[in-house]
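Peer 1:
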Amino acid sequence: MEQSLGYVFTDESWLKQAFTHPSSDQKRSTNLAYERLEFLGDAVLELVVSRELFSRFPKADEGLLTKMRAAIVSRQHLASICERLGWGEHLIMSPQLEKNGGRRALSILANTFESVIGAVMMDSNYNAARKVSLVLLAESLDNAQNLLEVNSKGCLLETLQAINCEGPEYVVELVNPEQPAGPFKATVNWNGMELGRGEGPSKRRSQIAAAADALKKRLWEK
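The opening position of the sequence shown corresponds to residue 24 in the numbering used here, with each subsequent residue numbered one higher.
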């Protein structure tokens, strides 16, 4: 674990706590699980990524910076990094949760990523947590603009489901019915309103464009 982080813990109990799922902490009052570290790590990641994007993209406005940050710190993306590093295999959890696929659960993996950053912060300081975050997110930051485009659907789904459990619905049509191979146009709807529109050479690309348009307009906030 420490090799993958490029960091050696002074107090390894912080690392153990970062990998302890609440299902294995039966008393809960002991605070042995990762929930508090997750809270801290989430805040650290927001600041680290915000500062890095601010420096790397001096011409980007607040809206674009917000969307790139959202793509990088999204639960889907953090979980994918966690899965690639094999962290799920090191999690301490109840046998029942493990049996139900807990080691591969998106939310648990994302929580673990945030918790590890929180653990580094508590074991050392913000600068150490920042360095570890930049190591783990190096590729993501280098490809922030591409990641934003590809992850638009995931970001939109996560944003809307945080409001209620209903996810967005996409309607895809041919731009020209006489050209069945495309291009395509898509609209994304949610909770009875149209959130965005987009076009692309494939159905998937048109949906991504529609999701990106929805994230730009943010009509659910109006």
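Where a beta carbon is used, it is the ideal one built from N, C-alpha and C, also for glycine.
With a 10 Å radius around its C-beta and 16 neighbouring C-beta atoms as the bar for buried, classify Gln-230 as buried or exposed.
Peer 2: Its Cβ being crowded by 16 or more others within 10 Å, Gln-230 is buried.
Peer 1: With DSSP collapsed to three states, give me the class of Met-24.
Peer 2: Coil.
Peer 1: Report all residues from its chain with a CB closer than 7 angstroms to the CB of Ala-237; omit the five preceding and five following residues, and keep chain order.
Peer 2: Hits under 7 angstroms: Leu-179, Val-211, Leu-218 and Gly-219.
Peer 1: Where in the region 151-218 do unbroken runs of the beta strand (DSSP E), each at least 3 residues long, occur, reported from the N-terminal end onward?
Peer 2: The qualifying runs are 192-197 and 207-213.
Peer 1: Please state the DSSP three-state secondary structure of Arg-220.
Peer 2: Of the three classes helix, strand and coil, the one that applies to Arg-220 here is strand, per DSSP.
Peer 1: So, with DSSP's three-state summary, where would you put Pro-89?
Peer 2: The sequence given here has Thr at residue 89, not Pro. Thr-89: helix per DSSP, three-state reduction.
Peer 1: Can you grab the Cα-Cα spacing for the pair Leu-157 / Val-71, in whole Å?
Peer 2: Distance between the alpha carbons of Leu-157 and Val-71 is about 8 angstroms.
Peer 1: Can you check which of these residues, Glu-189, Pro-224 and Gly-190, is closest to Gly-205 by C-alpha distance?
Peer 2: Out of Glu-189, Pro-224 and Gly-190, Pro-224 has the C-alpha closest to the C-alpha of Gly-205.
Peer 1: Where DSSP assigns a beta bridge to Thr-33, which residues make up the other side?
Peer 2: According to DSSP, which records beta bridges pairwise, Thr-33 is partnered with nothing at all.
Peer 1: Just the Cα atoms here: how many angstroms apart are Asp-65 and Glu-196?
Peer 2: Spanning the two alpha carbons is a distance of roughly 39 angstroms.
Peer 1: Let me confirm a value: Pro-191 is counted as buried when at least 16 other C-beta atoms fall within 10 Å, else exposed. Which label applies?
Peer 2: Under this definition Pro-191 is a buried residue.
Peer 1: Within 10 angstroms of the Cβ of Gly-86, are there 16 or more other Cβ atoms? Answer buried if so, exposed if not.
Peer 2: Counting Cβ neighbours within 10 Å, Gly-86 comes out exposed, since fewer than 16 surround it.
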